[in-house]
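Q:
Number of protein chains: 2
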Amino acid sequence: MIKYSSQNRMLVAVDCIIFGFDGTDYKVLLIQRGFAPEKEKWSLMGGFVQEKESLEQAADRVLKQLTGLKNVYLEQLQAFSEPDRDPIERVIAMAYVALIDIHKYEQQINDDFHARWFLLRELPKLIFDHAQMVDTALQRLRYKAAFHPILFELLPEKFTLPQLQAMYEGLYDTKIDKRNFSRKVLSTNLLIKEQEKDKSSSKKGAFYYSIDKEHYKEKFESLLNFVPKTEITALNE
Amino acid sequence: MIKYSSQNRMLVAVDCIIFGFDGTDYKVLLIQRGFAPEKEKWSLMGGFVQEKESLEQAADRVLKQLTGLKNVYLEQLQAFSEPDRDPIERVIAMAYVALIDIHKYEQQINDDFHARWFLLRELPKLIFDHAQMVDTALQRLRYKAAFHPILFELLPEKFTLPQLQAMYEGLYDTKIDKRNFSRKVLSTNLLIKEQEKDKSSSKKGAFYYSIDKEHYKEKFESLLNFVPKTEITALNE
DNA sequence: TCAATTAGTGTAAAAAATACATTTAAAATT
DNA sequence: AATTTTAAATGTATTTTTTACACTAATTGA
């Protein structure tokens, strides 16, 4: 079989930045690396791309192998390709961002795998350029969430408006007027009001909402505006 | 020296989608591929990543080698990684998008290299998945140009408001009211009005404008809104 | 000097975003 | 049983932004 002769072949890896939200804070899922170099150090979920799989398939596989997660929101972030980013040998890394409902997978992750959630604000030292990957992923999340309803991926099936608002406030580190926020969110017709209330955080209780999945798919690509303009005047992309 | 043993190494390439605008139409720069397979077929500018260079460096190098272009706007688009996208062997391709002033480089490109501009609407059949890369790049351009002043990269140092407007109208295939357009554009303080007029396309002549480079850098990341909302309700990203 | 052509400009109406405070529901306490 | 406590829910007036829309100006060539 003919090949491209005299060209330089290299390893290609995928690394996944997995964001979660616990109702108050954003978290990132990390594992202790299982092999040298930097064995036992905290790392993003990563792995080498195999011969017969696309990058997307590799990211799915790595996520499943290391955490048990399947069918999660997963998006290509960007490549990290400094020649010496891995001290052992040249590795091109493609970073993927995943958003998951932290509670849905919490048990599974803790029990079967040795992944651990860390507060985004208190991440341990990470191997290689993984801290930079997290930074870049966070920037992208801030950018994208300002226009598209992706943060819903972080919430359980049923959630309340105060929870949703806290998630937006956390991401942009700001306070949003709840009257304006609920008007904007509800005007998209993305949410269905449920009968029940969540009484875990107030006496009155807050009504649960769920996603109208039809509208969600349609509206996903259209442009929303949940975040006040003053908060998004200088996003980094 | 230790390596990651028993892992699969593969070729990594960069491919550049180079957009230009000739005042009326968008164009894409293509070359005839110089080696098998698909030798002589039309292709994006591409090349393999070398051992000691990052992807960005590779893209810069490829662009320079194949067209003579330097210091152009170049942005990572996304990876294309289907295992069989290249019939010879596994190649992961990272696509980059470049925006250039078509006239500034026209001579250089035609004379020294065998690259050729094609109308975006009339591209020839391209090798491998390059047509898909162009599609994706165009989607990204539409998305990004709706919020950031990147289209200025396509224009010469001095340009007129009608030219600028034609560029936006072409990208979104729409008509924009010129009173509203000029008000919006000028309100950003991104443009400096010049003394001279361009009389090439009207008897009255249209004043030239140039970019206020200070403001341009500052404003690049902030969010603009040159395109009417009705035109950007369903961008694909 | 008149006709033709494209550039340039202003205003009123509609829509969207913002600022802002009180009432309501339910539980816990007295 | 009444009162207090806590967070949820809600409406309106003001400001800002966006849109729709049509005539005048400058210049060239006939």
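Sequence order for the protein chains is A and B. Per UniProt numbering, numbering through the first sequence is continuous, rising by one, with the last residue being 237. Per UniProt numbering, numbering through the second sequence is continuous, rising by one, with the last residue being 237. Ideal Cβ positions, reconstructed from N, Cα and C, are used throughout, including at glycine.
(1) Give me the chain B residues within the contact set of residue 79 of chain A, using Cβ-Cβ distance strictly less than 8 Å, ordered along the chain.
(2) So what's residue 24 of chain B in DSSP terms, helix, strand or just coil?
(3) Answer yes or no: do residue 156 of chain B and residue 226 of chain B have a C-beta to C-beta separation smaller than 9 Å?
(4) Assuming residue 114 of chain A contacts residue 31 of chain A (C-beta within less than 8 Å), just tell me the rounded distance between them.
(5) Taking the alpha helix (DSSP H) that residue 66 of chain A falls in, what are its first and last residues?
(6) Could you spell out the range, first to last residue, of the alpha helix (DSSP H) harbouring residue 201 of chain B?
(7) Taking 9 Å as the cut-off, decide whether the C-beta atoms of residue 74 of chain B and residue 66 of chain B are in contact.
(8) Of the residues that make up the UniProt domain "Nudix hydrolase" (9–141) of chain B, which ones have a beta carbon closer than 7 Å to any beta carbon in chain A?
(9) Between residue 223 of chain A and chain B, is any beta-carbon pair separated by less than 9 Å?
(10) Can you list, in chain order, the residues of its chain whose CB lies under 6 Å from that of residue 184 of chain B, leaving out five sequence neighbours each side?
(11) Quick one: measure Cβ to Cβ for residue 216 of chain B and residue 190 of chain B, integer angstroms, because I've assumed they're closer than 8 Å.
(12) In the DSSP output, what is residue 99 of chain A paired with across the bridge?
(13) Looking at the C-beta of residue 2 of chain A, does it have a partner C-beta in chain B at a distance below 9 Å?
(14) Just confirm the distance between the C-beta atoms of residue 39 of chain B and residue 33 of chain B, as a whole number of angstroms; I'd bet it's less than 8 Å.
(15) What does DSSP give as the partner residue(s) for residue 133 of chain B in the beta ladder?
(16) Considering only the alpha carbon of each residue, which of A/23, A/97, A/119 lies closest to residue 201 of chain A?
(17) Would you decide whether residue 230 of chain A is buried or exposed? Buried here means 16 or more other CB atoms lie within 10 Å of its CB.
(18) Does residue 29 of chain B come out as helix, strand or coil in the three-state DSSP assignment?
(19) Determine the direct distance from the alpha carbon of residue 56 of chain A to that of residue 51 of chain B, and round the result to whole angstroms.
(20) Counting only Cβ pairs nearer than 9 Å, list the residues of chain A close to residue 264 of chain B.
(21) Please confirm whether residue 7 of chain B has its beta-carbon closer than 9 Å to some beta-carbon of chain A.
(22) What is the C-beta distance between residue 14 of chain B and residue 79 of chain B, in whole angstroms, given that I count them as a contact (C-beta under 8 Å)?
(23) Which residue's Cα is closest to the Cα of residue 77 of chain A: A/154, A/182, A/130, A/205?
(24) Between B/105, B/209, B/222, B/119, which has its C-alpha nearest residue 162 of chain B's C-alpha?
(25) Taking 8 Å as the limit between beta carbons, can you name the residues of its chain near residue 188 of chain A, skipping five residues before and five after?
(26) Are the CB atoms of residue 16 of chain A and residue 91 of chain A within a distance shorter than 9 Å?
(27) Under 7 Å Cβ to Cβ from residue 207 of chain B, same chain only, skipping five residues before and after it: list those, please.
(28) Taking 9 Å as the cut-off, decide whether the C-beta atoms of residue 123 of chain A and residue 171 of chain A are in contact.
(29) Would you say residue 134 of chain A and residue 120 of chain A are within 9 Å of each other, going by their C-beta atoms?
(30) Cβ of residue 251 of chain B less than 9 Å from any chain A Cβ?
(31) Straight-line CA distance for residue 36 of chain B to residue 94 of chain B?
(32) With a 10 Å radius around its C-beta and 16 neighbouring C-beta atoms as the bar for buried, classify residue 100 of chain B as buried or exposed.
(33) Considering only residues of the same chain and omitting the five flanking positions on each side of residue 166 of chain B, which have a CB-CB separation below 8 Å?
(34) On the DSSP letters alone, give me the boundaries of the beta strand (DSSP E) that residue 46 of chain B sits inside.
(35) Hey, does residue 217 of chain B have any beta-carbon neighbour from chain A nearer than 9 Å?
A: The structure says:
(1) As a first step, residue 79 of chain A must be located in the first sequence, where it is residue number 79. Result: 55, 76, 79, 94.
(2) The residue you call residue 24 of chain B lines up with position 24 of the second sequence. Coil, per DSSP.
(3) Locating residue 156 of chain B in the second sequence gives position 156, counting from the first residue. Locating residue 226 of chain B in the second sequence gives position 226, counting from the first residue. Going by C-beta atoms, residue 156 of chain B is not nearer than 9 Å to residue 226 of chain B.
(4) Taking the first sequence and counting its residues from 1, the one referred to as residue 114 of chain A is at position 114. Taking the first sequence and counting its residues from 1, the one referred to as residue 31 of chain A is at position 31. About 6 Å separates the two Cβ atoms, so the contact holds.
(5) Taking the first sequence and counting its residues from 1, one reaches residue 66 of chain A at position 66. Element bounds for residue 66 of chain A: 55–67.
(6) Locating residue 201 of chain B in the second sequence gives position 201, where the first residue counts as 1. Taken as a continuous stretch (DSSP letters only), residue 201 of chain B belongs to no alpha helix (DSSP H), as it is neither H nor E.
(7) Counting from one through the second sequence, the residue named residue 74 of chain B turns up at place 74. Counting from one through the second sequence, the residue named residue 66 of chain B turns up at place 66. No, the pair does not count as a contact, with Cβ atoms beyond the cut-off.
(8) Flagged, chain order: 9, 10, 11, 12, 48, 50, 51, 52, 53, 54, 55, 76, 78, 79, 81, 82, 83, 88, 89, 90, 92, 94.
(9) Here residue 223 of chain A is taken as the residue at index 223 of the first sequence, counted from 1. Yes, contact with chain B.
(10) The sequence position of residue 184 of chain B within the second sequence is 184, counting from 1. Correct list, in chain order: 226.
(11) The sequence position of residue 216 of chain B within the second sequence is 216, counting from 1. The sequence position of residue 190 of chain B within the second sequence is 190, counting from 1. Contact holds; Cβ gap of about 6 Å.
(12) Within the first sequence, residue 99 of chain A is the residue found at index 99, counting from 1. DSSP, once it has assigned bridges, lists A/19, A/73 as partnering residue 99 of chain A.
(13) Your numbering for residue 2 of chain A matches position 2 in the first sequence. Yes - at least one Cβ of chain B is within 9 Å of the one on residue 2 of chain A.
(14) Position 39 of the second sequence holds residue 39 of chain B. Position 33 of the second sequence holds residue 33 of chain B. That belief holds up - the Cβ atoms of residue 39 of chain B and residue 33 of chain B are roughly 6 Å apart, short of 8 Å.
(15) Position 133 of the second sequence, counting from 1, holds the residue named residue 133 of chain B. Residue 133 of chain B is not bridged to any residue.
(16) In the first sequence, counting from the first residue as 1, residue 201 of chain A sits at position 201. With distances taken between Cα atoms, residue 201 of chain A lies closest to A/23.
(17) In the first sequence, the residue the question calls residue 230 of chain A occupies position 230. Classification for residue 230 of chain A: exposed.
(18) On the second sequence, position 29 is the one that residue 29 of chain B refers to. Note: residue 29 of chain B maps to strand in three-state DSSP.
(19) For this step, residue 51 of chain B is matched to residue 51 along the second sequence. For this step, residue 56 of chain A is matched to residue 56 along the first sequence. Rounded to whole angstroms, residue 51 of chain B to residue 56 of chain A spans 24 Å at the Cα level.
(20) Nothing can be reported for residue 264 of chain B, as the shown portion of chain B is limited to 1 through 237.
(21) By one-based count along the second sequence, residue 7 of chain B stands at place 7. At a cut-off of 9 Å between C-beta atoms, residue 7 of chain B counts as an interface residue with respect to chain A.
(22) Translated into positions along the second sequence, residue 14 of chain B becomes position 14. Translated into positions along the second sequence, residue 79 of chain B becomes position 79. Incorrect: roughly 10 Å between the Cβ atoms, too far for contact.
(23) The residue given as residue 77 of chain A occupies position 77 in the first sequence. Among A/154, A/182, A/130, A/205, the Cα nearest to that of residue 77 of chain A belongs to A/130.
(24) As a first step, residue 162 of chain B is located in the second sequence; it is residue number 162 there, counting from the start. Comparing Cα positions, the closest option is B/209.
(25) Along the first sequence, one-based indexing puts residue 188 of chain A at 188. 149, 215, 219, 224, listed in sequence order.
(26) As a position in the first sequence, residue 91 of chain A is number 91, starting the count at 1. As a position in the first sequence, residue 16 of chain A is number 16, starting the count at 1. Result no, Cβ atoms of residue 91 of chain A and residue 16 of chain A do not sit closer than 9 Å.
(27) One-based indexing of the second sequence puts residue 207 of chain B at position 207. Contacts found: 160, 193, 194, 197.
(28) Here residue 123 of chain A corresponds to residue number 123 of the first sequence, with the count starting at 1. Here residue 171 of chain A corresponds to residue number 171 of the first sequence, with the count starting at 1. It is not a contact, given that the beta carbons lie outside the stated cut-off.
(29) Here residue 134 of chain A is taken as the residue at index 134 of the first sequence, counted from 1. Here residue 120 of chain A is taken as the residue at index 120 of the first sequence, counted from 1. Taking 9 Å as the Cβ cut-off, residue 134 of chain A and residue 120 of chain A qualify as a contacting pair.
(30) Nothing can be reported for residue 251 of chain B: it is not among the residues displayed for chain B, which extend from 1 to 237.
(31) Reading the second sequence from its first residue, position 36 is the one you call residue 36 of chain B. Reading the second sequence from its first residue, position 94 is the one you call residue 94 of chain B. In a straight line, the C-alpha of residue 36 of chain B is about 20 Å away from that of residue 94 of chain B.
(32) For the purposes of this step, residue 100 of chain B is identified with residue 100 of the second sequence, where counting begins at 1. Its Cβ being crowded by 16 or more others within 10 Å, residue 100 of chain B is buried.
(33) For the purposes of this step, residue 166 of chain B is taken as the residue at position 166 of the second sequence. Within the same chain, residue 166 of chain B has close Cβ partners 23, 24.
(34) Working through the second sequence from its first residue, we reach residue 46 of chain B at position 46. Counted as a single uninterrupted DSSP element, the beta strand (DSSP E) harbouring residue 46 of chain B occupies residues 45–48.
(35) Taking the second sequence and counting its residues from 1, one reaches residue 217 of chain B at position 217. With 9 Å as the cut-off, residue 217 of chain B does not count as an interface residue toward chain A.
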